[in-house]
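Protein chains in written order, with my numbering: chain A, 615 to 943; chain B, 615 to 943; chain C, 615 to 943.
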């Protein structure tokens, strides 16, 4: 990629303030910018770097008034951070192929692949699968029989998808994630051993969902584990059998959601949160890092923290007293 | 699968109460049951659904007396939940192949496979491996040389098994789990760097064990990491070098057991528990979610909770006081 | 392997005290040693086993004076534990091949492999990759285009490496780890949905690094996620986009480091620790198990614990008071 300030302004609907021919070929943070790089400035905390940056182009907000000399060419846009994101997405999209491809792979005769589907090496696609247009499936992926995957999806290397799953459009399954393995269902027997409960259900993933690397999503014993539209799940999370993750919920790394829990729409779970089985979390709940949610959260928009999780401010105040007691003794 | 109430009753040793020809082809929860589906009812909390359910067949306990009109055909059994589990297991078993199969795979000449072993695509089986009868190995699995796997096992896609491991009968290794990688052994050097400690031992897994998706079980430096008979380990757990997990212990998702810890028989660890290295946990210990066990647990059958873990009731009482102090200040 | 006490003493620069022809072929812990095995003794806690051990050879410290009869041949060395580690490393190294090998794999024409590179089955190596001498790549690994890997590395089965990564010499990537997947970057939109932030950066891994099984290391949005020389990361850890892990830092299993955090050189993180995004941890920080570090740690060499993490001794004292309050009420 090589873009001039002029081209960038045109792409982003911005205005050039400086040399329109200033050219960049990569991105950097403002504190590290070098000639040939584009940086952005939005947070006033970093203003001093605007005047020392060696970057060739600087994306800034419309209303930014420099208080000193700036060597970079400015491209002014209404929202510099959003504009940067758009430019990065545009760059990433340009780097993507959109053509049919078959590596050394094993595709069942009865599987039906859409237009421009890209299939990497050592991929297995089972009988009666349906794969939508322009979906790309990277190396060493296994897709079980009867699974349906929508259009414009990306299935990264090492993903394993079980039979009978249903996956929407524009879904990204990151490397090594597992979709649809058995839930952890065991009935204790009188002799102390465990009887396995078989899982005959599946996983249904909506549109515009991302599931992180090495995350595991178990299928339901009957019916479905459901990941609704727009959900973002980070790496190494566990979504157990029969869970419902509501629309647009975001979950940071290493969260664990136990069986049949329901997470309301638009919730945000910080890293390493645990949620007990069979409970319901109201829409818009925010859960602090490492908290354990052990009961229903009934009021929408609550922020909670702790093990077990309680009101966020209460937890922090209690913790301050807990610490103070030790310091005074 | 299509089964009539009569056939179900025969399979489960139950009695039909209603139309013996009522037919079902899938399972559902009682609140969602539709015509052609089988539901079960055991928990009185859900009784109202018995009268509104559209399911064709309802598994109920022998002694259930409806207090209103029921449209479903009832199949009465001594224990409805256990009967459901048996019926699901029977259904799952019917869907399984039991025949020899070789995909596009790489099996060393000196490996010895039993009868009706199923090997999927892109599987590597190393020299001198022994695989028991009817074991099924799914796609993209690697099995290192000299490893022994028993009969009637299922090795799901993406599992990686290192050389020299010993795995019993009827073991299920879920997708992406890693058996026998190096333990995390490092000796600090005077210059601050770490000297790697090589691991020459292995992992021994007993009979009737399940290891969850993307779980990692490290091999011992010398001797063996041991997972005893009947153990159930959920997804994304870490079992470090030299650990012994006692018979029939169950461990929920994302637990981490540090090096050389010993977990007593029949223990139950809730999700995200951590256990320190070199400690012993008595048989029948129950550890609450997200707890950290940092010392020996000597008394069998104790329930503990917290970081560090203490008596469960004490933790909850202490936590209530912790919260109350903040609310009063 | 079959070694006599004499040969062992020669290898380790030690002295034989007993039968120089005593031979061993495997290692065991002192409490379990059998004829034909080598054990070591360093910790006085285990002295009684010296007199009951059936092992053929016992590695001991130079200055050890037995207080009873010992049946094993002793090999005396300045530091028995370090000598054992050296002997195990020597044994492990002997078992390794160092020769060129190509399994059934897919190597792009433009990839350049060094001398004696070993490539297993079902491996994909993308265009323009560079792989250094004697590096071994096990089965079912995918390496994206333009990635550079140094010499004498081991890439275990099921590892997935994204395009454009830079990996040093003598690096070990354990089974199933993911290097360079997208970071978790999402910008909230007015309608509650998330706009994906593309990640155009990479991951740079120094020399002598180990990354554990099923650990995930995300690439930076721009610039690089950096793992410096000598770092040791255990299994199932999450290293987010733009993180810097300082030289010789060791991180136990299931830690999660959020985006753009910086971990100072020589730090030690116990298992299941969480570190917030955008914070800095001073060199030599020690973080207790399951702690959450939510702010900068400015003083080098501090030991911290808790959620949120505070001074280690303060936390333990506060926790004792927390517990006592419950016991007294």
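Ideal Cβ placement from N, Cα and C applies to all residues, glycine included.
None of these values were measured; they are calculated from a predicted model.
query                                                                                                                         : result
C-alpha gap between residue 715 (chain A) and residue 788 (chain A), whole angstroms                                          : 20 Å
Sequence-distant residues of the same chain with beta carbon closer than 8 Å to residue 880 (chain C), five excluded per side : 860, 861, 862, 863, 897, 898
Simplified DSSP state of residue 762 (chain B), which is helix, strand or coil                                                : strand
Unbroken alpha helix (DSSP H) run spanning residue 664 (chain A), endpoints                                                   : 661-666
Partner residues on chain C for residue 736 (chain B), Cβ-Cβ distance less than 8 Å                                           : 735, 736, 754
Buried or exposed (CB count within 10 angstroms, at least 16 for buried), residue 919 (chain B)                               : buried
Distance, residue 816 (chain C) Cα to residue 830 (chain C) Cα                                                                : 13 Å
Chain-ordered chain A contacts of residue 788 (chain B) [CB-CB under 8 Å]                                                     : 792, 795, 796
Residues sharing a beta bridge with residue 654 (chain C), DSSP                                                               : C:673
Residue range of the unbroken beta strand (DSSP E) whose run includes residue 919 (chain A)                                   : 917-919
Boundaries (first-last residue) of the beta strand (DSSP E) holding residue 818 (chain B)                                     : 816-819
Separation of residue 869 (chain A) from residue 729 (chain B), as counted between CA atoms                                   : 42 Å
Under 9 Å between C-beta atoms of residue 636 (chain B) and residue 939 (chain C)                                             : no
Rounded C-alpha distance that separates residue 824 (chain B) from residue 779 (chain B)                                      : 16 Å
Whole-angstrom distance between residue 629 (chain B) and residue 617 (chain B), CA atom to CA atom                           : 15 Å
Residues, ordered as in the chain, of the segment 639-666 of chain C that lie near chain B by beta-carbon distance below 8 Å  : 640, 641, 642, 643, 646
Whether residue 799 (chain A) touches residue 771 (chain A) by CB criterion (9 Å)                                             : no
Run of the alpha helix (DSSP H) containing residue 713 (chain C), from where it starts to where it stops                      : Neither: residue 713 (chain C) is in no alpha helix (DSSP H) and is coded neither H nor E.
Rounded Cβ spacing between residue 903 (chain C) and residue 890 (chain B) (contact assumed at less than 8 Å)                 : 7 Å
Residue span of the alpha helix (DSSP H) that contains residue 694 (chain A), given as start and end                          : 694-708
Where residue 931 (chain B) sits in the DSSP three-state scheme                                                               : helix
Contacts of residue 830 (chain C) in chain A (Cβ-Cβ under 7 Å)                                                                : 827, 828, 849, 850
Residues bridged to residue 795 (chain C) (per DSSP)                                                                          : C:832
Residue from A:804, A:649, A:677 with nearest C-alpha to residue 667 (chain A)                                                : A:649
Residue 935 (chain A) at chain B interface by Cβ criterion, 9 Å                                                               : yes
Alpha carbon of residue 568 (chain A) to alpha carbon of residue 921 (chain A), nearest angstrom                              : Outside the shown range of chain A, which is 615 to 943, sits residue 568 (chain A), and nothing can be said about it.
Contacts of residue 836 (chain B) in chain C (Cβ-Cβ under 7 Å)                                                                : 641, 642, 643
Residue 906 (chain B) - partner residues in DSSP beta bridges                                                                 : B:888
Residues of the segment 906-925 of chain B with Cβ closer than 9 Å to any Cβ of chain C, in chain order                       : 906, 908, 920, 921, 922, 924, 925
Proximity below 9 Å, CB of residue 755 (chain A) to CB of residue 754 (chain B)                                               : yes
CB contact flag (residue 632 (chain B), residue 686 (chain B), <9 Å)                                                          : yes
Straight-line gap, residue 901 (chain C) to residue 717 (chain C) (C-alpha atoms, nearest Å)                                  : 43 Å
Near-chain C residues of the segment 702-728 of chain A - C-beta to any C-beta below 9 Å                                      : 702, 703, 704, 705, 706, 707, 709, 717, 718
Among A:892, A:818, A:803, the one whose alpha carbon lies nearest that of residue 775 (chain A)                              : A:818
CB contact below 9 Å: residue 941 (chain C) versus chain A                                                                    : no
Where residue 622 (chain B) falls: helix, strand or coil (DSSP)                                                               : helix
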